[in-house]
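S.K.: Structure incoming, see below.
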Amino acid sequence: TVGPDFPPVDFYMFVRADSGVKTVQDLAGKSFGCGPPATTATQICRSVLRAAGILDKVKLVELPFAQLASQMVNGDIVGFSRVMVGQPAGFALRLSKRVDLRVLDLGALIDKSDLLKRSQSLSATEIPKGTYKFQPGALRTVAFYSFFVVNKNVPADHVYELARLMHSQAMVDHMKTAFRFHGFYPKNKTPLTGLVVPLHPGAEKFWKEVGVTIPKAKVAK
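What the sequence shown shows, in my numbering, is residues 113 to 333, in sequence order.
Dropping the structure here:
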């Protein structure tokens, strides 16, 4: 790992408000879009459905998000999943203007299943009450942290310089106009939270220099 690019990325399971689907288990026997093939959203969606014990009972549809949104609006599927950065997420706001929405709360599934144990890159999170008009209260879901990674054989001085430039104040200032939900340091005060893949030694040098605490056993050898 070199360092972060996004802050926590939230996972949403949208359903039509008139679909009768109020829990993940209610998706059994329904057509549901997990996301485009081989994407993060699809992988998490499958993990959630597997943890709920209904993966083989849901009619999965894997298409680009725009197509899934259209199918949901048309009633061809009851809903679909997506990962998004920032609260409120612009995509969710736009979708809510096309169809009445419900976002499934995953709290009970998180508490009672091995979802987080089996998918160690995921962590429990909450979408606060009032984030969206279509949201009656706080919602629990899962999220993951997004990082830049490099081959372990890239020279340490190259990785150090990459990390230094990526997480400079100049980059943060630029990203204010390019993508305000970015996760670059020093805007992101906890840049190594959620680290799964060990740090490259060149990145370790950079993070030590700027005074960021490095999680134990998280430096590649």
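Beta carbons are placed, not taken as given, at the ideal position from N, Cα and C, and that holds for glycine.
Within its chain, find whatever has a CB closer than 8 Å to the CB of residue 319; leave out the 5 residues flanking it on each side and keep chain order.
M.R.: The residues are 115, 275, 303, 304, 311, 326.
S.K.: Whole angstroms are fine: how far does the CA of residue 221 sit from the CA of residue 185?
M.R.: For residue 185 and residue 221, the distance between alpha carbons rounds to 27 Å.
S.K.: Can we say the segment 177-195 touches the segment 208-228, given the rule of at least three CB pairs closer than 8 Å?
M.R.: Touching, yes.
S.K.: Using only CA atoms, which one of 151, 158, 130 lies nearest to residue 230?
M.R.: For residue 230, the nearest C-alpha among the options comes from 158.
S.K.: Going by the beta-carbon positions, is the gap between residue 315 and residue 271 smaller than 8 Å?
M.R.: Contact: yes.
S.K.: Go ahead and label residue 130 buried or exposed: buried means 16 or more other beta carbons lie within 10 angstroms of its beta carbon, across all protein chains shown.
M.R.: With fewer than 16 other Cβ atoms within 10 Å, it is exposed.
S.K.: Can the beta-carbon of residue 173 be found less than 8 Å from the beta-carbon of residue 180?
M.R.: Yes. Within cutoff.
S.K.: Quick one: using the 10 Å Cβ neighbour count with 16 as the cut-off for buried, is residue 178 buried or exposed?
M.R.: Exposed, since its Cβ has fewer than 16 Cβ neighbours within 10 Å.
S.K.: Alpha carbon to alpha carbon, how far is residue 283 from residue 295? Give it in angstroms, no decimals.
M.R.: For residue 295 and residue 283, the distance between alpha carbons rounds to 11 Å.
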